[in-house]
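**Student:** I'd like to ask you about the structure that follows.
In full-length UniProt numbering, the protein residues as written are 1 to 439.
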């Protein structure tokens, strides 16, 4: 559906009261930053993660055993992929694109639905989408490279790099280390919980002139969140925090003297040839080819989110990419093209994170340093880091050292209204990775 000027007049729309599940979405899977064209603009950036109770009496977070590697079969084919993709569209979303990297030279691609409800055109293959919190994996990789180079240590206090901010916060903030931020074990409050007025954003977007309200940069929100005090003593529990990755972007800038997105471009995007991936200030707009992204607040009410001006620029979620570029990134990372072997192993040293956030992630969910690990039904395990935005849902999964992978982009954000979308995505991922096609 479209929203013309007449649609914006009349009684103000009342945004539906979001239930507890959606409040959890805002806290644990979301990054929402609002700003003008030169600052952060609204989006939800996500990680497929849940949380455990957090208090000072909680046991210390510790590394846990990884799931067994298991065996994958070779029964899946392109027809089965299309069937599973169609099942995602059957949940009511507008459009889906999926890419599966097999052991064949060319990946499999499946799409369903439409790129735009007005035109009815099909979803473009390998098109741009907002990947949200998958940006955290890129940011983590930069920090780990700096560790490889001896520019920082993962166990350095954050205060070494952000002294004024940490001193202003006081209290246990002085105990925070770089590793705590990478692994979400620092107890840093999620600024997206306290600093963002989502209803005001939605009202401006769909009832005003289409421009988001101005807001302070995410770095200011992160400073406010740190001053508000920690949720728990660093290292004693796990709680997903977008704020932590904003702070990591600031740490990277303090070490290198360059913006976080410039370092991601120089260290990751350019070496891997990710010509259709954009981060930070370059991720505000969604370029062609693309599907129109929609926000569904009530079943059947799908509102188009403008493709220009609604990207995140901070290190917790500022990422626009394509399925093929996502595959190239995760393959390069997991093959060891970006990090020393010992550092990659450290990135993959996981802690339990408790109940997963969505039906798309099975137990036991575990988190490393910017990567999440979860099991498959066949006994194998996969690495991933998904992301939600205001208009897209993104999941990915990589097994066999990154050689076999799946990327899913859904161009409708439902705010986790029910589990059907997540269950359909989980089924595709499980079927593709457990029933892999091998030469």
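Where is the CB? At the ideal position from N, CA and C, for every residue including glycine.
Measuring CB to CB, does residue 226 end up less than 8 angstroms from residue 165?
**Tutor:** Here the question's residue 226 lines up with position 226 in the chain shown. Here the question's residue 165 lines up with position 165 in the chain shown. Closer than 8 angstroms, so yes.
**Student:** Does the region 83-99 come close enough to the region 306-326 that 3 or more CB-CB pairs lie under 8 angstroms?
**Tutor:** As far as the Cβ criterion goes, the region 306-326 touches the region 83-99, which means the pair count is three or higher.
**Student:** Whole-angstrom Cβ separation of residue 235 and residue 180, contact assumed at under 8 angstroms?
**Tutor:** Stepping through the chain shown from its first residue, residue 235 is reached at position 235. Stepping through the chain shown from its first residue, residue 180 is reached at position 180. That belief holds up - the Cβ atoms of residue 235 and residue 180 are roughly 6 angstroms apart, short of 8 angstroms.
**Student:** Leaving aside the five residues before and after residue 432 along the sequence, list all residues of the same chain whose C-beta is less than 6 angstroms from its C-beta, in chain order.
**Tutor:** As a working note, residue 432 is residue 432 in the chain shown. Cβ neighbours of residue 432 beyond the five flanking positions: 76, 100 and 406.
**Student:** Can you check which of these residues, 312, 290 and 246, is closest to residue 370 by C-alpha distance?
**Tutor:** In the chain shown, residue 370 corresponds to position 370, counting from 1. When each option's Cα is compared against that of residue 370, the closest is 246.
**Student:** Between residue 87 and residue 430, what straight-line distance do the alpha-carbon atoms span, to the nearest angstrom?
**Tutor:** Mapped onto the chain shown, residue 87 falls at position 87. Mapped onto the chain shown, residue 430 falls at position 430. Cα-Cα distance, rounded: 14 angstroms.
**Student:** Are the Cβ atoms of residue 186 and residue 241 separated by less than 8 angstroms?
**Tutor:** Along the chain shown, read from residue 1 onward, the residue named residue 186 stands at position 186. Along the chain shown, read from residue 1 onward, the residue named residue 241 stands at position 241. Taking 8 angstroms as the Cβ cut-off, residue 186 and residue 241 qualify as a contacting pair.
**Student:** Consult DSSP for residue 122 and reduce its assignment to one of helix, strand or coil.
**Tutor:** Within the chain shown, the letter at position 122 stands for residue 122. Looking at residue 122 - three-state DSSP - the assignment turns out to be strand.
**Student:** Please state if the CB of residue 157 and the CB of residue 176 are separated by a distance shorter than 8 angstroms.
**Tutor:** As a working note, residue 176 is residue 176 in the chain shown. As a working note, residue 157 is residue 157 in the chain shown. Closer than 8 angstroms, so yes.
**Student:** Consult DSSP for residue 158 and reduce its assignment to one of helix, strand or coil.
**Tutor:** Taking the first residue of the chain shown as position 1, residue 158 is located at position 158. Three-state DSSP puts residue 158 in a helix.
**Student:** From 149, 184, 339 and 123, pick the residue whose C-alpha is nearest to that of residue 231; which is it?
**Tutor:** Position 231 of the chain shown, counted from the start, is the residue given in the question as residue 231. Checking every option, the nearest Cα to that of residue 231 belongs to 184.
**Student:** Considering Cα atoms alone, identify which of 287, 345, 317 and 377 is closest to residue 367.
**Tutor:** In the chain shown, counting from the first residue as 1, residue 367 sits at position 367. Closest option to residue 367, Cα to Cα, is 345.
**Student:** Determine the contact status of residue 261 and residue 282, defining contact as a CB-CB distance below 8 angstroms.
**Tutor:** Counted from its first residue, the chain shown places residue 261 at position 261. Counted from its first residue, the chain shown places residue 282 at position 282. Going by C-beta atoms, residue 261 is nearer than 8 angstroms to residue 282.
**Student:** Helix, strand or coil for residue 431, going by three-state DSSP, please let me know.
**Tutor:** As a working note, residue 431 is residue 431 in the chain shown. In the structure shown, residue 431 sits in a helix (DSSP, three-state: H, G or I).
**Student:** Taking the C-alpha atoms as reference points, what is the distance between residue 331 and residue 107?
**Tutor:** Here residue 331 is taken as the residue at index 331 of the chain shown, counted from 1. Here residue 107 is taken as the residue at index 107 of the chain shown, counted from 1. Distance between the alpha carbons of residue 331 and residue 107: 13 angstroms.
**Student:** Starting from residue 266, follow its DSSP beta bridges and name the residues at the other end.
**Tutor:** Start at 1 with the first residue of the chain shown, and residue 266 comes out as number 266. Paired residue(s): none; residue 266 is not in a bridge.
**Student:** Applying the 10 Å Cβ sphere with the 16-neighbour rule, what's the burial state of residue 388?
**Tutor:** Along the chain shown, one-based indexing puts residue 388 at 388. Buried is the call here.
**Student:** What do you get for residue 147, buried or exposed, if any count of 16 or more other CB atoms within 10 angstroms of its CB means buried?
**Tutor:** Walking along the chain shown from the start, residue 147 turns up at place 147. Counting Cβ neighbours within 10 Å, residue 147 comes out buried, since at least 16 surround it.
**Student:** Could you check if residue 294 is buried or exposed, using at least 16 other CB atoms within 10 Å of its CB as the buried criterion?
**Tutor:** Within the chain shown, residue 294 is the residue found at index 294, counting from 1. Buried.
**Student:** Tell me which residues share the same chain as residue 420 and place their Cβ nearer than 7 angstroms to its Cβ, disregarding the 5 neighbours each side in the sequence.
**Tutor:** Within the chain shown, the letter at position 420 stands for residue 420. Excluding sequence neighbours, residue 420 sits near 91.
**Student:** May I have a chain-ordered list of the alpha helix (DSSP H) segments no shorter than 4 residues that lie completely inside the region 226-263?
**Tutor:** For the region 226-263, whole alpha helix (DSSP H) runs of length 4 or above, ordered along the chain, are 242-256.
**Student:** Work out the CA separation of residue 395 and residue 259 for me, nearest whole Å.
**Tutor:** One-based indexing of the chain shown puts residue 259 at position 259. One-based indexing of the chain shown puts residue 395 at position 395. Each residue's Cα considered, the two are about 27 angstroms apart.
**Student:** For residue 135, which residues of its own chain have a beta-carbon under 6 angstroms away from its beta-carbon, when the five flanking residues on both sides are left out?
**Tutor:** Position 135 of the chain shown, counting from 1, holds the residue named residue 135. The residues are 317, 318 and 319.
**Student:** Let me know the secondary structure DSSP gives residue 293 once reduced to three states.
**Tutor:** The residue labelled residue 293 in the question sits at position 293 within the chain shown. Note: residue 293 maps to coil in three-state DSSP.
**Student:** Tell whether a beta-carbon distance below 8 angstroms holds between residue 410 and residue 93.
**Tutor:** Taking the chain shown and counting its residues from 1, the one referred to as residue 410 is at position 410. Taking the chain shown and counting its residues from 1, the one referred to as residue 93 is at position 93. In this structure, residue 93 lies closer than 8 angstroms to residue 410 by Cβ.
**Student:** Taking the alpha carbon of residue 104 as the point to measure from, which residue in 397, 123, 78 and 117 has its own alpha carbon closest?
**Tutor:** As a working note, residue 104 is residue 104 in the chain shown. Of the listed residues, the one whose Cα sits closest to residue 104 is 78.
**Student:** If you run the structure through DSSP and keep just helix, strand and coil, what is residue 191?
**Tutor:** Numbered from its first residue, the chain shown carries residue 191 at position 191. If DSSP states are grouped into helix, strand and coil, residue 191 belongs with the helices.
**Student:** Rounded to whole angstroms, what is the Cα-Cα separation between residue 139 and residue 333?
**Tutor:** Numbered from its first residue, the chain shown carries residue 139 at position 139. Numbered from its first residue, the chain shown carries residue 333 at position 333. Computed Cα separation, rounded: 12 angstroms.
**Student:** Can you find the residues in the same chain that come closer than 6 angstroms, C-beta to C-beta, to residue 269, ignoring five residues on each side of it along the sequence?
**Tutor:** The count along the chain shown starts at 1 and reaches residue 269 at position 269. These residues qualify, in order along the chain: 277.
**Student:** Return the residue from the list 137, 206 and 404 that minimises the CA-CA distance to residue 385.
**Tutor:** Here the question's residue 385 lines up with position 385 in the chain shown. Residue 385 has its Cα closest to that of 137, out of 137, 206 and 404.
**Student:** Residue 303 by DSSP, collapsed to three states: which one?
**Tutor:** For the purposes of this step, residue 303 is taken as the residue at position 303 of the chain shown. Three-state result, residue 303: strand.
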